[in-house]
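A.B. asks: Okay, here's the structure, questions in a sec.
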Amino acid sequence: QVQLVESGGGLVQAGGSLRLSCKTSEITFSFYTMAWYRQAPGKQRELAARITSGGSTNYADSVKGRFTISRDNAKNTVYLQMNSLKPEDTAVYYCNAERTYLTWWGQGTQVTVSS
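Here the sequence shown is numbered in this note's numbering, starting from 1 and rising by one per residue.
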């Protein structure tokens, strides 16, 4: 059974940092593009950061320079290092795994940034 399990969310003050992790199982992790999406209350889910199987990355303009996505193929895990957090980063963060015709989602982890 495919599983994407996020961890590392929580409550942090503005300017602080958090590191999210997403451990996957039952997928050939190295073949997948991995991404972090986020959904704030009352808003649509949006892409925060993505990393391809080859290691290329792209970021939403709103997080560029503050967030860093990385992957460890040996651990089947993708990370999101979030620095200089702002209240507007408050959202549920979802891990996503995608390849041709296949996409999988985690259950989400809450990130709350207080001002």
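Heads up, the beta-carbon is just placed ideally off N, CA and C, and yes, glycines get one too.
Can you tell me which of the three DSSP states ASP61 falls into?
C.D. replies: In the structure shown, ASP61 sits in coil (DSSP, three-state: anything other than H, G, I, E or B).
A.B. asks: Closer than 7 Å by C-beta to THR68: which residues in its own chain qualify, once you throw out the five before and the five after it? Chain order, please.
C.D. replies: Hits under 7 Å: GLN81.
A.B. asks: Can you check which of these residues, LYS64, GLY42, ILE51, is closest to THR77 by C-alpha distance?
C.D. replies: Among LYS64, GLY42, ILE51, the Cα nearest to that of THR77 is on ILE51.
A.B. asks: According to DSSP, is SER30 helix, strand or coil?
C.D. replies: Three-state result, SER30: helix.
A.B. asks: Starting from the N-terminal side, write out each stretch of the beta strand (DSSP E) that is 3 residues or longer and does not extend beyond the region 5 to 56.
C.D. replies: The qualifying runs are 10 to 13, 18 to 25, 33 to 39, 46 to 51.
A.B. asks: Near VAL113, which residues of its chain fall below 7 Å by C-beta distance, leaving aside the five closest residues on each side in sequence?
C.D. replies: Within the same chain, VAL113 has close Cβ partners VAL12, ALA14, LEU85, LYS86, PRO87, ASP89, THR90.
A.B. asks: So the beta strand (DSSP E) ASP72 belongs to, where does it begin and stop?
C.D. replies: Start and end: 67 to 72.
A.B. asks: What does a CB cutoff of less than 8 Å around PHE31 pick up in its chain, not counting 5 residues either side in sequence?
C.D. replies: Result list for PHE31: SER53, ARG99, in chain order.
A.B. asks: Could you pull out every residue in the same chain whose Cβ sits closer than 6 Å to the Cβ of ARG66, ignoring the five residues on either side in sequence?
C.D. replies: For ARG66, where only same-chain residues beyond five positions count, the Cβ hits under 6 Å are ASN83, SER84.
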